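See below for the structure under consideration.
Shown next as structure tokens:
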């Protein structure tokens with residue numbers, strides 16, 4: 003973990019704890035690394051309730067309630083899927099906040115329309131759901147690492 | 003990730019892929035790190051379906067079907083809970099294999115009967131469920147890292 007990522011996590015932990023907020027994760031390409039980041043500090047059980055690593059499409063449907071039509075029509079790497087994942091995690095875990103990641107870490111699975119490095123992120127709160135699309139050039143580890151960082155930043159913005 | 007952990011993951015990936023086996027995770031103290039390890043290699047979507055990070059007890063009940071009585075009578079850090087988590091993940095994710103971790107990473111949460119560093123791990127397959135209790139001395143990061151490694155080793159034994 004980089005110093006700057008540790009700083010984002012420390013800041014998030016401090017704000018979540020002080021305000022009594024709870025958070026859940028819904029991860030595809032990041033494979034549990036956002037949850038790992040959120041649980042890296044002592045006392046994280048005060049705000050982190052849990053999360054779902056939904057790698058397969060069926061897991062997105064079964065564990066997060068992502069509509070099968072979203073996956074069929076828009077694909078797993080889409081704004082709509084990221085939004086449904088965040089909302090599903092928030093609902094299933096009963097938290098105030100949730101953050102979701104879905105994307106193509108590579109090296110396989112890319113296409114001209116959805117290249118390796120494309121990532122959709124979303125946060126859901128009691129007010130609204132916000133999604134952002136990003137493109138991170140690099141190898142599998144780099145794409146994944148940058149997606150984790152972007153998820154933490156988006157979560158930070160959601161409670162700004 | 004250490005060289006030896008990378009080797010365990012590479013070996014697991016190769017055997018899971020060659021035999022067409024699927025795997026799910028159910029994690030408490032490791033907070034998504036076992037899923038992260040299993041998805042660190044390209045092609046991991048062939049075997050890794052997904053997992054649940056069940057940090058809060060309610061998440062263990064809601065997302066993994068751990069009986070509330072197990073949590074009330076034995077506690078979240080127990081052989082019974084580890085077994086129920088692994089079986090729940092296998093059932094909910096529809097995989098052949100599942101691996102579960104639950105323990106006390108510290109620095110808080112320990113007691114004389116259940117000290118910081120106590121970890122229960124379990125694997126569930128179509129044949130049986132196996133659990134093992136371990137004690138890892140060290141700080142939060144060390145306990146967590148050793149628990150991830152133990153989970154990968156137990157998974158490896160389950161498909162030996």
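Protein chains in written order, with the working numbering: chain P, 3 to 162; chain B, 3 to 162.
Note that CB positions come from ideal geometry on N, CA and C, so glycine has one too.
Computed from a predicted model, the values in this text were never measured in an experiment.
Taking 8 Å as the cut-off, the Cβ atoms of residue 55 of chain B and residue 37 of chain P count as close. In the three-state scheme derived from DSSP, where H, G and I count as helix and E and B as strand, residue 61 of chain P is classed as helix. Under DSSP, residue 135 of chain P shares a beta bridge with P/122.
With a beta-carbon spacing of about 4 Å, residue 102 of chain P and residue 28 of chain P fall inside the 8 Å limit used to define contacts. Secondary structure at residue 27 of chain B: strand, using DSSP grouped into helix, strand and coil. Excluding sequence positions up to five before and after residue 72 of chain P, its CB lies within less than 6 Å of the CB of 82, 83, 86, all in the same chain and listed in chain order.
For residue 47 of chain B, the closest Cβ of chain P is nearer than 8 Å. Counted as a single uninterrupted DSSP element, the alpha helix (DSSP H) harbouring residue 36 of chain B occupies residues 35 to 40.
As for any alpha helix (DSSP H) of minimum length 4 sitting wholly inside the stretch 47 to 101 of chain B, the runs are 59 to 66, 70 to 75, 81 to 95, ordered along the chain. Not a single C-beta of chain B is nearer than 8 Å to the C-beta of residue 136 of chain P. The DSSP-derived three-state label of residue 104 of chain B is strand. Nearest C-alpha to residue 30 of chain B among B/106, B/143, B/156, B/162: B/106. Membership of residue 9 of chain B in the alpha helix (DSSP H) is indicated by the continuous run 5 to 21. Contact annotation: residue 75 of chain B and residue 24 of chain B have beta-carbon atoms that are not nearer than 8 Å. Our two residues, residue 57 of chain B and residue 12 of chain P, have alpha carbons roughly 19 Å apart in a direct line. Using a C-beta cut-off of 8 Å, the stretch 58 to 66 of chain B makes no contact with the stretch 130 to 143 of chain B, since fewer than three inter-stretch Cβ pairs fall below that distance. For residue 142 of chain B, same chain residues with a beta-carbon under 7 Å away, outside a window of 5 residues either side, are 107, 108, 109 in chain order.
Membership of residue 158 of chain B in the alpha helix (DSSP H) is indicated by the continuous run 142 to 160. B/53 is the residue among B/53, B/115, B/20, B/111 whose C-alpha sits nearest the C-alpha of residue 93 of chain B. Near chain B, meaning a CB-to-CB distance below 9 Å, the residues of the stretch 46 to 80 of chain P are 46, 47, 50, 51, 52, 53, 54, 55, 56, 57, 58, 60, 61, 62, 64, 65.
Looking at the backbone, the Cα of residue 118 of chain P and that of residue 113 of chain B are separated by about 47 Å. Under the Cβ criterion of 8 Å, residue 41 of chain P is counted among the residues facing chain B. A direct Cα-to-Cα measurement between residue 116 of chain B and residue 115 of chain P gives close to 52 Å. For a Cβ distance threshold of 9 Å, nothing in chain B lies close to residue 126 of chain P: the least Cβ distance comes to about 17 Å. Interface flag for residue 27 of chain B against chain P is set, since a Cβ pair is found closer than 8 Å.
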